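Protein chains in written order, with the numbering used here: chain B, 57 to 697; chain A, 57 to 697. All residues carry an ideal CB built from backbone N, CA and C; glycine is no exception. All values derive from a computational prediction rather than experimental measurement. Step one of this worksheet: look at the structure below.
Protein chains: 2
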Amino acid sequence: MQKFKVTFMPDNKSVLAEKDRTILSAAISAGVYVNSVCGGDGVCGRCKVILKKGQVSTQPNGIITAEERKHNIYLSCLTNIHSDLEVEIPESSRLSFDSLTPSQVGERLGSLYSKAEDIQPVNAKFKEGLFKHSPFATKLYLELPTPTLDDNAGDLERIYRALRQLGDFPVIQTGLFNIRQLGELLRDSEWKVTVTLGKRNDTVEIVLVEPGDTTDKNFGFCFDVGTTTISGQLVDLNSKKILGTKATYNQQATFGNDVITRIVYAGQSDGLERLHEAVCNTMNQIIRELILEHNIDLNDVNCVVCSGNTTMIHLLLSVDPAHIRKDPYVPTANFLPVLRAAEAGISINPRGLLSCVPGVSSYVGGDTTAGVLSSGIYQKDELCILIDIGTNGEIVLGNKDFLVACAASAGPAFEGSGVTSGMRASNGAIQKISIDKTGFEVKYSSIGDKKPKGICGSGYIDLLSSMLEAGIIDKGGKIKAAGRRIRQTDTGKEFVVCFKEETDISSDIVINEADIENLKRSKAAIYSATAILVKHLGLCFTQISRIFIAGGFGTYLDIEKAVKIGLLPDLGLAKFSFIGNSALAGASQILLSNQAMTMANNIASRITYFELSVDPGYMDEYSQALFFPHTDLTKFPTVKF
Amino acid sequence: MQKFKVTFMPDNKSVLAEKDRTILSAAISAGVYVNSVCGGDGVCGRCKVILKKGQVSTQPNGIITAEERKHNIYLSCLTNIHSDLEVEIPESSRLSFDSLTPSQVGERLGSLYSKAEDIQPVNAKFKEGLFKHSPFATKLYLELPTPTLDDNAGDLERIYRALRQLGDFPVIQTGLFNIRQLGELLRDSEWKVTVTLGKRNDTVEIVLVEPGDTTDKNFGFCFDVGTTTISGQLVDLNSKKILGTKATYNQQATFGNDVITRIVYAGQSDGLERLHEAVCNTMNQIIRELILEHNIDLNDVNCVVCSGNTTMIHLLLSVDPAHIRKDPYVPTANFLPVLRAAEAGISINPRGLLSCVPGVSSYVGGDTTAGVLSSGIYQKDELCILIDIGTNGEIVLGNKDFLVACAASAGPAFEGSGVTSGMRASNGAIQKISIDKTGFEVKYSSIGDKKPKGICGSGYIDLLSSMLEAGIIDKGGKIKAAGRRIRQTDTGKEFVVCFKEETDISSDIVINEADIENLKRSKAAIYSATAILVKHLGLCFTQISRIFIAGGFGTYLDIEKAVKIGLLPDLGLAKFSFIGNSALAGASQILLSNQAMTMANNIASRITYFELSVDPGYMDEYSQALFFPHTDLTKFPTVKF
């Protein structure tokens, strides 16, 4: 097919594009970001461009005024390329990824806001055999028979007929966008096209029809949208390979540390809109960085699967989360329909689809469902617990017969937020620490073996455990020792983990008493929630056979030390498995298999929610856990300091 | 629920609206027409209004700029009423029904363009018993259990659960629009809501959720979108009553008389857009007039079913019809998905649905499918023919075992277009005529017994037959007699049917030799197409048991006279039934029953298309039919002049 050079100004970026491709599609291929809310339906009017040179054809629309037409202004989604072009993207049509200035974000997060960081996922490989490979978006190459007087089925029916010869598609849906371009497209491509099919609830949608065979380019993203951290993965939907994983702080963090403050902020003027923009910007940033690194055209990203807690998913979709925090804590929706990603502001192919993993309740969201899916506890015979340590901790107890979940508001300390030297588990984060008992000298290793920039969750677990063992802190978390690393400050004592000279930043890496208090409250919330859940079901810890620990700890978590500080129950190391970001792993399974998607729906329906706050014993249990490891040492028989 | 007075300027129209209804919805209730393309999704930005007085709340959107916000500009679809309001609708947001000036239209159509006219449909009653009453849009009133800590299903799941207790809905779909407003709406209405469900292909969509019980207000429209005439019916979906039927000329007629000229025009710059606007304007005019007359709120019109020929449906949906007229005559789609009516520019409830009756091929459209449905020939044992006389005549031959259809380009003469004194079958149209054989004096009766304005199709059939019997014209259609009613003009002879003084217009009502030629070509096209179809199937006319005649002839058609002029075959009156506008009748059945919708899909799949122009005998047959009644008089044994 004939190709033309399209140059976008003021970026001065060029791309070769087939005749009759839309300018919007070419812009996306060129990595020039043009606004589009409606997914190329020609109704939102955000993607106006100015044609400087060249020939185009455009579809009728009621948006471009006669005056604008005189000035060569076109809707890029409805305008087709007929020659080499020079196109200007006016400021108003440019997609801004950064409506928050870095300084706004930096104010709360220190100097950590920058590019999203590569992370190495745990258990990343798609478990072949468990679910059939049937991705959320599938591409099928069709060589359609040319119509004749005897075979004069309509263009759309010709595609349906070919699809139904290839597989069992009881309900196929299509939008006007595809229908409107079908006539030219099929003839120009000589009836050889690639159809992208997306699973849309219990139907199949023709997402896109493209000329020629593009089946080798089919990519998707999965996300874990956390309150503090957003992690995303670029997946090749053909090879099932995870091409890259990145995580960064949720830009919403500038508006509050936990879901409650976010919900309150959403109720203020423009609050919902700003929170929505912040989460979109963060996700779009991860998408942009990963596709640039892997040299992938955004047009070839056809779908996104999101796991996240219920509040995050509400905010992503601009749905008011107000009732999540009002008795009886009912969200607007736990099960959301598949949407066009553009409707939620996520920039992939403008027609691409977005699926949110179904949640259970206001405080047990799709991230938990995805975790249950990827941990496999829903199909185990023996009793299991899944503990997902995040700003909202979630604990699920059960097996193939039942699943009960509760939520614990743990705060962001183990994600490295809200603590003096905290950072995410990314390059330069200290993740392993040991302290010499006599001189309090510190040995550490950082992710990527870089000069340290801060301490991540697993580093804090090691640090607390080592400080306890070395006698630097007492069981209440107060710093009681003295030495060159221990300093008095205005707000209490602090312990220097690395002096400035060793670090990659311009200050010492420290932990102070307020940090320890924060971490103690986090660990107490997780432990006591787990204990209450077990008790609520009339069980005791010894009856539990397997415990899966999930969370954004990077690749490393020392379970023994987590038990020592009283974060996890003292049940013997053999029962524990650290499974990393189980929400992201579940989302990637759903991205790669419709069977996994069906199973996620099934799991979310099966999980019973247990509201911790109504349990009369919870506050007692929490208070008792506000010690290292616990007030009642008989519960931690192996822990000795 | 609390109500507020909302006044719209500059119309100075007021309406009482419940708290939290959107301004757009109130404007629609007030009969103030505000633009909306996206159906209230908040993405098209067409419905901006200026708030002059009062309190509102608005949802976040990226369309209203900070500058606009300062000037109190809001998107009316996303802005909720919180007090009495005064709202100005700026010119740019006003919905124009009349982008064509009456003079533009009048140029071609004489003085006939005005309001749509009431017509009395034949066979209008919904045939109870044949199809179950299950309208395209159904309203269900739900009293939802108030959520508690023990029953904390999400808002959306609570609705799904209640629906599934009422019926079998395997696949329910919902859009973000409804989800976004659910939280407030359910609580403000104390969990008592009405859910409007629409059949969307093989799924059910939650079209709308409204506070309180509004089930008594559920209306729909059905249309026959013809090349020359558009007819529409307002139907009460609860009582199954047709509340009113109106017809008017398709405003597209200013761009050409038949589908071929329209297709050519669509290929010109802006052509498709102007044709699309014209058909929408015409349909919206009929909708507006009928709801005003019946005092119905446009928000309570939830669905539209359209039958029409394939080109008309393409133009209605802004789909390029170019390939319909290019060998091998393949349309973009015969089976179209259910859409939101707003996507096609049809103004009903912004969330309301549009279904187009499926067609068979480029020249046998959904109007034929609907005609086959309403005539019932698809389930007869005996051989039947359905002849739909319109600008595109369609003939279907068959029974429960097979159905074959062909199309004849008859031109608009029998719809009263393209002939000197022609008009549609509406008030003041002469529909019955007899002529005294000696003095050529004319007796006539007009529709509504009004002073005559012109002659409609059935009037022309009577007139030609009477002129033949009186010896005024010969078998070739030339005026050969003389008398006070016969005049010579520059272009040939004419016969005066009514002198100016008797008429309601400022001129004589006449028929001239060019008109007779036009009518003769129309009748020859219909007759010869029917004859060739019968011959093509190896049959002869005597084997046909029943002949159904359809078309926009109003309530009257004299079959005997139609045989006398050679429009219909000479098979004995007992075999004929005049069934009026069968396409509209079929569309109304589909509107009222999903079973009929399924049957229409089935019928469209069953009909085999026969391309007349490839039959070697067709031109001969046509030429022979260019006489009154026919060159071969043995084919019309009962016709004597």
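Residue range Lys248 to Arg256 is occupied by the beta strand (DSSP E) that includes Lys248(B). Judged by beta-carbon spacing, Phe632(A) lies within the 9 Å limit of Leu624(A), meaning their Cβ atoms are closer than that value. Interface with chain B (9 Å Cβ-Cβ cutoff): Ala464(A) is excluded.
Residues are counted here when their Cβ sits less than 8 Å from a Cβ of chain A; for the region 644-678 of chain B these are Tyr665, Glu667 and Val670, given in chain order.
Out of Val460(A), Leu372(A) and Arg407(A), the CA that lies nearest to the CA of Glu266(A) is found in Arg407(A). CA-CA distance, Ser417(A) to Val361(A), rounds to 19 Å. In the DSSP annotation of this structure, the continuous segment of the alpha helix (DSSP H) that includes Ser521(A) starts and ends at Gly513 to Glu525. With a threshold of 9 Å between beta carbons, Ala378(B) makes contact with chain A. Val112(A) and Ala83(A) have their C-alpha atoms some 15 Å from each other. About 5 Å separates the beta carbons of Asn306(A) and Ile286(A), which is inside the 8 Å limit, making them a contact pair.
In this structure, the CA atom of Gly231(B) is about 11 Å from the CA atom of Leu373(A). For Val386(A), the number of other beta carbons within 10 angstroms of its own is at least 16, and it is reported as buried. With its beta carbon at least 9 Å from every one in chain A, Arg77(B) lies outside the interface.
Rounded to whole angstroms, the separation of the alpha carbons of Thr194(B) and Phe279(B) is 19 Å. The region 665-681 of chain B and the region 433-449 of chain B do not touch, with fewer than three beta-carbon pairs separated by less than 8 Å.
Distance from the CA of Phe666(B) to the CA of Ser584(B), rounded to the nearest whole angstrom, comes to 14 Å.
Contact of His189(A) with chain B is not assigned, every C-beta pair being separated by 9 Å or more. Runs of the alpha helix (DSSP H) lying entirely within the region 412-449 of chain A, each at least 4 residues long, are 422-431 in chain order.
Straight-line measurement puts the Cα of Gly513(B) at about 14 Å from the Cα of Val619(B).
For the pair Leu241(B) and Leu264(B), the Cα-to-Cα distance works out to about 11 Å.
Contact between Ile129(B) and Thr388(A) is ruled out by a C-beta separation of about 28 Å, above the 8 Å threshold. If you draw a 10 Å sphere on the C-beta of Glu345(B), you find 16 or more other C-beta atoms in it, and that means buried. The residues Ser70, Leu72 and Asp140, in chain order, have a CB closer than 7 Å to that of Lys61(A) in the same chain once the five nearest residues on each side in sequence are set aside.
Against Phe391(B), the close residues of chain A are Gly210, Leu212, Glu213 and Tyr216, in the order they occur along the chain (beta-carbon pairs closer than 9 Å).
Scanning Thr283(B), Asp224(B) and Phe275(B) for the CA closest to the CA of Ile298(B) turns up Phe275(B).
Taking 9 Å as the CB threshold, Asp258(A) lines the interface with chain B.
Taking 7 Å as the upper bound on Cβ-Cβ separation, chain A lies near residues Leu373, Ser374, Val375 and Asp376 of the region 363-377 of chain B. If you look at Glu616(B), you'll find it isn't in any beta strand (DSSP E); it sits in the alpha helix (DSSP H) that goes Ile615 to Lys620.
Looking at the backbone, the Cα of Ala469(B) and that of Gly478(B) are separated by about 7 Å. Contact with chain B is absent for Asn136(A), since none of that chain's Cβ atoms lies less than 9 Å from the residue's Cβ. By the Cβ criterion, the region 498-513 of chain A is not in contact with the region 452-466 of chain A, since fewer than three pairs of Cβ atoms, one from each stretch, lie closer than 8 Å. Contact check for Gly628(B) against Ala606(B) fails: the beta carbons are separated by 9 Å or more. Residue-level contact check: Arg330(B) touches chain A, since one or more beta carbons of chain A fall below 9 Å from its beta carbon.
If you check the CB distance, Phe187(A) and Gln599(A) do not come in under 9 Å. Contacts between Ile235(B) and chain A, judged by CB atoms closer than 9 Å, involve Leu373, Val375, Thr388, Ala389, Leu392 and Pro393 in chain order. In chain order, Leu290, Leu299 and Gly300 place their CB closer than 8 Å to the CB of His350(A), counting only its own chain and leaving out the 5 sequence neighbours on each side.
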